[in-house]
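One line per chain: the protein sequences are A and B, in this order.
Numbering-wise, the first sequence is residues 1 to 344 according to this note's numbering.
Numbering-wise, the second sequence is residues 1 to 786 according to this note's numbering.
Note that CB positions come from ideal geometry on N, CA and C, so glycine has one too.
Since this is a predicted model, take the numbers as computed values, not measurements.
Comments concern the structure below.
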Amino acid sequence: MREELMQIKDKALAGMAGADNMRALDDLRVSIFGKKGELTQILRGMGALSAEERPVMGQIANEVREELETALEARKNTLHKAEMAQAMASEHIDVTLPGRATSIGTKHPMTMIIEELCNIFMGMGYEIATGPDIETDYHNFQALNIPAHHPARDEQDTFYVEDGHVLRTQTSPVQIRKMEEGKLPIAIVAPGKVFRSDDIDATHSPVFHQMEGLVVDKGIHMGHLKGALTVFAQTLFGEDVKTRFRPHHFAFTEPSAEMDISCFGCGGDATRIKGCRLCKGEGWIELLGCGMVHPNVLRNCGIDPDEYSGFAFGMGLERIAMQRYNIDDMRLLFDNDIRFLKQF
Amino acid sequence: MNLPMSWLKDFVDIDIPLNEFADKMTMSGSKVEKIHHLGAEITGVVVGRIEDIRKHPDADKLVVTKVAIGNDEFKQIVTGATNLTVGDYIPVALHGANLADGLKIKKGKIRGEESEGMLCSVEELGYSRADFPEAPEDGIYIFPKPEPLGEDAVNILGIRQDVVEFEITTNRPDCFSIIGMARETSATFNCELRVTNYQLEKPTNDRIAVEIQNDKLCSRYVAAVVENVKVRPSPQWLRTRLIACGLRPVNNIVDITNYVMLEMGQPMHAFDIRAIHGDKIVVRNAREGEKLVTLDGTERTLDVDMLVIADETRAVGIAGIMGGEHSKILDDTTTILFESANFNGVNIRQSSKRLGLRTDSSGRYEKGLDPNLALACINRALELVKMLECGDIVEGLVDCYPSPRLERKLEFDPTKITALLGIDVDETKIAELLWRLGIKVDSNTATIPTYRYDLEIWQDLAEEVARLYGYDNIPTVVAASSNVGGKTDHQRMEDKLVETMVSLGYSQMLTYAFESPKVFDKLLIQPDNRLRDAVKIINPLGEDTSIMRTNPINSILTALSTNYNRRSPEARLFELVKLYLPSENGELPNEYEYLVVGGYGDMDFYAIKGVVETLGRVFGLDETPQDFSPVTCTPFMHPGRNAGYKNLGYCGQIHPQVAENYEIGTPCYVAVLDFDLLREQTQMIKAYRPLPRYPQIQRDLALVVKDDITHGELSSCIKQSGGKILRGINLFDIYTGDKLPADTKSMAYNLTFRADDRTLTDEEAVKATEKILKAVNEAFGAELRK
């Protein structure tokens, strides 16, 4: 019996070495370990052995079985790896072929710039406010301290509709509507479309976007205005950007100012880059108008200017977007050419 | 506002680099737009003297000159000019010189004769005979007196000047003058202002009478008369100052009025007294339809709201805008009347607008001038008459000034000012800053000069303090905010809509809210359709942008058309747009927010419908088989390929005729949703439903029905009859063909049955299926496909 076992073992090991695919190996396994397999048969015949022989032969048989099982597993691994390697070799593809197109749309660059600005101001505790596109003369002008015949009306070429209403020329009427709600304090920014009868060219459009800001509370002073707008500018354009406030005039603020930021082109040093195109050699770029809310405006909205004060600001957004995305012609923003839109 | 630095220096001593001057003026509120270096483009033109003139040996019309240019240097220059004589002093452009029109001078040979430069006319230096009346009509400019040889000729002509251009805000009409800017300079740099007090003429004369009939529109009229006038060109110093400010010299009298206007800000006018009948000036409203030929030779038709300067019989000028042709100063004028008056700015602006006539004068009046200027200015003009020796002043003048403007007194409370500015500055310093501006301050009152009528409230004083204190010196305070900012639900839903559309492959467009009334025809909208009732723009840029859109289809089709015609193979676009509908009783028009989606190329009806379905899911709307239903009557939509979606909108294919009208040669698809209604039905916060715990049973049913039965009808019926355990109806195949009777189709559904509380038995599913089969058979005659 011992010889038989040894024979089986040698034959099986030789067979394994000769099996060159998984199938042949499996057939071999069945011929050894299967119900009618050689080893199974032998083990089955153990019962006929004497009580003395049985444990000895049992041990040998177990050793043989274990050895064969280990060898089979090893061979199986080897063959599996070889087969996988072969398969992979045949699965070689051209990875430089284009990927399957997944269609994704894009947000309009104006939406992106509005989001960016809103996020900055929301982080500073501002709400986002909106108002109608078609406004009353009162909200667009009179309440903002721009009475009939005020020269400021000529500066903003206004579209009129029936009943004396106007397409808002600025986002400032949102200020008025917010203050009229009567809830204080106020901290809002109001992005939106405004309308002026400008012919369309590379830097003008009869429709464009502005963002208005308004803060009203007790004890607000010009230092707060400078602080808020400086933080805004540095968040938007980077901490190195410098701001400069210049006296200016707006009917609805007093004192009024314009805020310039140091030029991105020449970094505020116009002498560094000769004839900097962005700032025309001035070193500064005009960004927004601002000021302390005029007491007449507060009064028009039922707020006592002796108790409350506030600041307001407004800026055009197209220019910021155009600078941000390197767009050289405003018409592209309204042209809706998919080849343009898909770039954002 | 153009400020020649040389003129400014008549009034203040300022001697700092130009850039520093510009920066400081900008920061104190007078924004410098640009610094012009007049004459800077001209180089290499010097004073020369003609030493010799000889005929050109080979050209009849040319001469060869020898020109001395100093330092015993001589140049030979060939010229065609005929107005030269030996000894003339002339401008010579030497080899390498640059002239006004960009011309570069090089030496060379002209018909064999060496020419080392060019002799110049005023035109070659960028000017005309109006600027230099002594220049010959056609020929080389000859200096009236000997000038140093070799000196810069441009400098001697007085046209090399530094001019600073300011942007003046509308509240500061006083700054539209050299003196106004001198006042700002003095305040900014804290340097002395030298203003001459001109000898005042006694305020009466009987040579002329003035009557103001409308003192609301004319608050003051000052007139003076000059006799024995000698009309001739002004001296060079005066002319070059006008030129530097962009004005053309005319003659001494007109130049004086312009000079005073530039220097002091008060428009003036000079009339030839021959044209004034009855020696009387009447300031009155024009008569309706009254005609007047103005100085520019144009006949103007006036109306009753316009103010005219008239004599006893007719108008001689339009007040504050332009004088009349027949009263203008001519070469033979001998007696003139100077006008220095104050007119109502609003009225001037409106008249000027109606006439389509804007002048330097009207531009100044529009902004509102100080009536107290008028007298000082006429005296300045008379002083110039004396200085220029151009006539004899008739003693005394007429000053009609019914209600003089008085100095304004304002509350002065330094603590309020410092609180508003957020600065810590004592009262003395604040008073000192205001003092620099001519504002006198005592304990609690500030007295404002009459030329600063823009200062009305104490906050205005605060601005004056701030700009001289320096906006940059105000400490920046970053306040910790206790406000809870953020977006409203509405705004967040807009954001979500945009995000969803983008992830669906659509790009956001940006269209104008106004369009042409012609779009209704393009969209096949019938004449009586209420969509045609749009908000009209009274003063549109053009018809194409004259109404506010009532419907978003034109916007999307215009954008699709743009892309189609630029050969983009496909386009997917969307926008959240506003629509505007008129309202009644003078209320603001109603504004509605709509989503519009559109596309073409590799698309069909079900692609656009899929977008709408996804949006419904994203916004948590109920899904029912009745959500979509055919709509055949929308004029711009394909009648067989358009579905209404709930009460929210529709989606489908654009009517081929409409697509053709927009020059889109391929089927295009749109969806329109009422965003306001969508918001109302939205579930932004979704509730979790437990995942199924018990297995489901699937059954496939292929139903043979008549062709005209829709999936909507069939699935609706299945749903109703399937009972509570029917959890899913999925159409997976539609078959038509030979294997079926004519005019029928097979609709294959996969049904999912499940219970939440137990494992369903096959029997239950079979029973439910039988119920469904019975129901669809009764309703539509549907049979199981064999």
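Endpoints, alpha helix (DSSP H) assigned at residue i
i, result
"residue 373 of chain B", "373-388"
"residue 391 of chain B", "Unbroken run through residue 391 of chain B: none, as it is neither H nor E."
"residue 80 of chain A", "53-90"
"residue 192 of chain A", "Note, residue 192 of chain A: premise wrong, no alpha helix (DSSP H); beta strand (DSSP E) at 186-195."
"residue 24 of chain B", "18-27"
"residue 258 of chain B", "252-264"
"residue 692 of chain B", "No alpha helix (DSSP H) contains residue 692 of chain B, which DSSP labels as neither H nor E."
"residue 118 of chain A", "109-123"
Contact set for residue i: own chain, Cβ-Cβ below 7 Å, skip 5 residues either direction
i, result
"residue 392 of chain B", "226, 227, 228"
"residue 556 of chain B", "573, 596, 598, 670"
"residue 266 of chain B", "260, 340, 369, 373, 374, 377"
"residue 593 of chain B", "576, 578, 675, 676"
"residue 40 of chain A", "33, 34"
"residue 250 of chain A", "256, 289, 291"
8 Å contact criterion, which residue i and residue j should meet: CB distance rounded
i, j, result
"residue 524 of chain B", "residue 635 of chain B", "4 Å"
"residue 459 of chain B", "residue 109 of chain A", "With 8 Å as the limit, residue 459 of chain B and residue 109 of chain A do not qualify as a contact, their Cβ atoms being about 39 Å apart."
"residue 489 of chain B", "residue 684 of chain B", "7 Å"
"residue 414 of chain B", "residue 427 of chain B", "4 Å"
"residue 126 of chain B", "residue 42 of chain B", "7 Å"
For residue i, the first and last residue of its enclosing beta strand (DSSP E)
i, result
"residue 653 of chain B", "649-654"
"residue 97 of chain B", "89-98"
"residue 668 of chain B", "668-674"
"residue 306 of chain B", "First-last for residue 306 of chain B: undefined, no H or E at that position."
"residue 289 of chain A", "284-293"
"residue 216 of chain A", "207-217"
"residue 247 of chain A", "243-250"
"residue 55 of chain B", "43-55"
"residue 637 of chain B", "637-645"
Closer than 8 Å: residue i CB and nearest the ligand HEM heavy atom
i, result
"residue 684 of chain B", "With respect to the ligand HEM, the structure offers nothing, as it holds no ligand at all."
CB contact check: residue i to chain A, cutoff 9 Å
i, result
"residue 141 of chain B", "no"
"residue 472 of chain B", "yes"
"residue 661 of chain B", "no"
"residue 486 of chain B", "yes"
"residue 367 of chain B", "yes"
"residue 374 of chain B", "no"
"residue 704 of chain B", "no"
Neighbour flag for residue i against chain B, beta carbons, 9 Å
i, result
"residue 316 of chain A", "no"
"residue 195 of chain A", "yes"
"residue 367 of chain A", "This structure cannot speak to residue 367 of chain A, because chain A is shown only from 1 to 344."
"residue 345 of chain A", "Lying outside 1 to 344, the shown extent of chain A, residue 345 of chain A is not represented and no answer is given."
Same chain only: Cβ atoms within 6 Å of residue i, ignoring 5 sequence neighbours per side
i, result
"residue 112 of chain B", "58"
"residue 603 of chain B", "669"
"residue 608 of chain B", "651, 669, 671"
"residue 775 of chain B", "717, 721"
"residue 160 of chain B", "39, 154"
"residue 400 of chain B", "210, 212, 221"
"residue 371 of chain B", "219, 220, 342, 405"
Beta carbon proximity, residue i to chain E, threshold 9 Å
i, result
"residue 255 of chain A", "Among the chains of the structure shown, chain E does not appear; the protein chains present are A and B."
Nonlocal neighbours in the same chain, by C-beta distance under 8 Å from residue i, ignoring five residues either side
i, result
"residue 179 of chain B", "11, 195, 263, 264, 265"
"residue 106 of chain A", "341, 342, 343, 344"
Exercise. Below 8 Å, can you find three or more Cβ-Cβ pairs linking the stretch 188-208 of chain A to the stretch 164-174 of chain A?
Worked result: yes
Problem set entry | Touching by the beta-carbon criterion (3+ pairs, under 8 Å), the stretch 519-535 of chain B and the stretch 13-25 of chain B | no
Problem set entry | Sufficient close CB pairs (3 or more, under 8 Å) joining the stretch 559-571 of chain B to the stretch 657-675 of chain B | yes
Exercise. Is the number of C-beta pairs between the stretch 96-114 of chain B and the stretch 149-158 of chain B that are closer than 8 Å three or more?
Worked result: no
For this session: Take every Cβ of the stretch 507-522 of chain B, pair it with every Cβ of the stretch 99-115 of chain A, and state whether three or more of those distances are shorter than 8 Å.
Result: yes
Exercise. With contact counted as at least three CB pairs below 8 Å, one residue from each stretch, are the stretch 253-269 of chain A and the stretch 233-240 of chain A in contact?
Worked result: yes
Exercise. Can you find at least 3 beta carbon pairs, one from the stretch 768-786 of chain B and one from the stretch 702-710 of chain B, that sit closer than 8 Å?
Worked result: yes
Exercise. Touch check for the stretch 243-251 of chain B and the stretch 267-275 of chain B: three-plus C-beta pairs under 8 Å?
Worked result: no
Exercise. Are there three or more Cβ pairs, one per stretch, closer than 8 Å when the stretch 215-233 of chain A is compared with the stretch 302-313 of chain A?
Worked result: yes
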